[in-house]
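**Q** In the working numbering, the protein residues as written are 2 to 193.
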Amino acid sequence: MTPTLIYHVTASLDGYIARPDGRLDWFDTPRQPDEEYSFQYFYAGIDALLMGRGTYEALLKRGGPWPYPGKPCVVLTRLELPRAGDEVQLTHCTPAQAVGALREAGFQRIWLVGGSLLAGSCYTAGLIDEVVINLVPHLLGAGIPLLATGMERSLTLSEQRPFTSGMVQLHYQVKKQASQLTQIPTPRSTAA
Numbered sequence: 002m003t004p005t006l007i008y009h010v011t012a013s014l015d016g017y018i019a020r021p022d023g024r025l026d027w028f029d030t031p032r033q034p035d036e037e038y039s040f041q042y043f044y045a046g047i048d049a050l051l052m053g054r055g056t057y058e059a060l061l062k063r064g065g066p067w068p069y070p071g072k073p074c075v076v077l078t079r080l081e082l083p084r085a086g087d088e089v090q091l092t093h094c095t096p097a098q099a100v101g102a103l104r105e106a107g108f109q110r111i112w113l114v115g116g117s118l119l120a121g122s123c124y125t126a127g128l129i130d131e132v133v134i135n136l137v138p139h140l141l142g143a144g145i146p147l148l149a150t151g152m153e154r155s156l157t158l159s160e161q162r163p164f165t166s167g168m169v170q171l172h173y174q175v176k177k178q179a180s181q182l183t184q185i186p187t188p189r190s191t192a193a
């Protein structure tokens with residue numbers, strides 16, 4: 002099995018993952034039973050998590066128990082932050098180094114939890130293999146985009162699933178960019 006980095010995220014129909022100020026109140030309601038089953042199935046198949054500092058700090062602000070128990074979680078940060086649990090590792094490295102270390106440690110399915118900056122960096126670096134978007138039937142009009150940065154790349158739809166709440170889950174495979182060789186034209190000879 003090839004190690005896989007999966008960007009599994011919830012977004013508004015217009016492509017935002019949070020309000021401009023980072024609030025998530027627009028989708029922060031209890032999951033319907035079919036959504037909960039789908040998430041638990043996904044989570045059971047994940048070996049490790051990769052998270053950005055902003056997402057981690059938002060989870061710390063919420064309080065309560067660590068929401069991702071039983072899985073190693075690497076948080077990319079330059080700051081000294083409290084550890085939410087034994088499975089949380091705070092580190093300062095590039096996304097490629099973090100993904101490489103997780104893969105080297107034998108983790109096969111890594112969930113890129115967020116956020117937008119980290120996802121954009123991973124996407125631009127060609128690290129993301131799958132994108133799973135939970136589209137909530139809500140238009141925010143403005144906010145934090147799905148990817149803060151990125152480049153054009155094609156995706157292949159592998160699965161789509163509607164839920165009773167009106168949310169739709171789209172599961173894509175990221176097409177890997179083949180290195181393109183540039184054809185150098187043959188010089189023309191001119192007769193003098």
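All C-beta atoms in this analysis are idealised placements derived from N, C-alpha and C, irrespective of residue type, glycine included. Nothing here was measured: the structure is a model prediction, and the numbers come from that model.
Alpha carbon to alpha carbon, what distance is there between Thr165 and Ile111?
**A** Within the sequence shown, residue 111 is the residue found at index 110, counting from 1. Within the sequence shown, residue 165 is the residue found at index 164, counting from 1. C-alpha separation (whole angstroms): 28 Å.
**Q** In its own chain, which residues sit with a C-beta less than 8 Å from the C-beta of Ser16, not counting the 5 before and 5 after it?
**A** By one-based count along the sequence shown, residue 16 stands at place 15. Position check: residue 16 holds Gly in this sequence, whereas Ser was assumed. For Gly16, where only same-chain residues beyond five positions count, the Cβ hits under 8 Å are Pro146 and Leu147.
**Q** Quick one, which of Glu153, His172 and Leu141 has its alpha-carbon nearest Ser13's?
**A** Within the sequence shown, residue 13 is the residue found at index 12, counting from 1. Ranking Glu153, His172 and Leu141 by Cα distance to Ser13 puts Leu141 first.
**Q** Evaluate Pro66 with the Cβ neighbour count: other Cβ atoms within 10 Å of its Cβ, from every protein chain shown; 16 or more gives buried, anything less gives exposed.
**A** If you number the sequence shown from 1, residue 66 lands on position 65. Per the 10 Å Cβ criterion, exposed.
**Q** Would you call Thr11 buried or exposed, if buried means 16 or more other Cβ atoms sit within 10 Å of its Cβ?
**A** On the sequence shown, residue 11 is found 10 positions in, with the first residue counted as 1. By the neighbour-count rule (16 or more Cβ atoms within 10 Å), Thr11 is buried.
**Q** When you compare the CB positions of Gly144 and Ala19, do they come within less than 8 Å of one another, or not?
**A** Within the sequence shown, the letter at position 143 stands for residue 144. Within the sequence shown, the letter at position 18 stands for residue 19. Yes.
**Q** Please return the same chain residues whose Cβ sits closer than 6 Å to the Cβ of Gln170, not counting the five positions on each side in sequence.
**A** Indexing the sequence shown from 1 puts residue 170 at position 169. Contacts found: Asn135 and Arg162.
**Q** Here's the rule: buried if 16 or more other CB atoms are within 10 angstroms of the residue's CB, otherwise exposed. What is Val89?
**A** The residue labelled residue 89 in the question sits at position 88 within the sequence shown. The residue is buried, with at least 16 neighbouring Cβ atoms inside 10 Å.
**Q** In three-state terms, what does DSSP make of Ala126?
**A** The count along the sequence shown starts at 1 and reaches residue 126 at position 125. Coil at Ala126, not helix or strand.
**Q** If Gly107 and Ala59 are in contact, beta carbons under 8 Å, what's the gap, nearest whole angstrom?
**A** Residue mapping note: residue 107 aligns to position 106 of the sequence shown, counting from 1. Residue mapping note: residue 59 aligns to position 58 of the sequence shown, counting from 1. Contact flag wrong, Cβ pair sits at about 29 Å.
**Q** Of the choices Ala102, Tyr173 and Val132, whose alpha-carbon is the least far from that of Leu113?
**A** In the sequence shown, counting from the first residue as 1, residue 113 sits at position 112. Looking at the Cα atoms, Val132 is the closest of the given residues.
**Q** Please state whether the Cβ-Cβ distance between Ala49 and Leu118 is less than 8 Å.
**A** Here residue 49 refers to the residue found at position 48 when the sequence shown is read from its first residue. Here residue 118 refers to the residue found at position 117 when the sequence shown is read from its first residue. No, Cβ-Cβ distance for Ala49 and Leu118 is not below 8 Å.
**Q** Which residues in the same chain as Leu182 place their Cβ atom closer than 7 Å to its Cβ, once the five residues preceding and following it in sequence are excluded?
**A** Position 181 of the sequence shown, counting from 1, holds the residue named residue 182. Here Leu182 scores only 40 on pLDDT, less than 50, and its place in the model should not be relied on; the value that follows carries that caveat. Around Leu182: no qualifying Cβ.
**Q** Measuring straight from C-alpha to C-alpha, what distance separates Asp87 and Gln174?
**A** Taking the sequence shown and counting its residues from 1, one reaches residue 87 at position 86. Taking the sequence shown and counting its residues from 1, one reaches residue 174 at position 173. Taking the straight line from one Cα to the other gives about 32 Å.
**Q** Identify the continuous beta strand (DSSP E) that holds Pro163 and give its terminal residues.
**A** Here residue 163 corresponds to residue number 162 of the sequence shown, with the count starting at 1. Segment Leu156 to Pro163, the beta strand (DSSP E) holding Pro163.
**Q** Along the chain, where does the alpha helix (DSSP H) that runs through Tyr57 open and close?
**A** Working through the sequence shown from its first residue, we reach residue 57 at position 56. Here the alpha helix (DSSP H) through Tyr57 covers Arg54 to Arg63.
**Q** Measuring straight from C-alpha to C-alpha, what distance separates Pro34 and Gly101?
**A** By one-based count along the sequence shown, residue 34 stands at place 33. By one-based count along the sequence shown, residue 101 stands at place 100. Using only the alpha carbons, I get a separation of about 35 Å.
**Q** Pull up the distance between the alpha-carbon of Val1 and that of Thr3, whole angstroms please.
**A** Lying outside 2 to 193, the shown extent of the chain, residue 1 is not represented and no answer is given.
**Q** Do Leu51 and Ala126 count as a contact pair if the criterion is CB distance below 8 Å?
**A** For the purposes of this step, residue 126 is taken as residue 125 along the sequence shown, with counting starting at 1. For the purposes of this step, residue 51 is taken as residue 50 along the sequence shown, with counting starting at 1. The answer is no: Cβ separation not under 8 Å.
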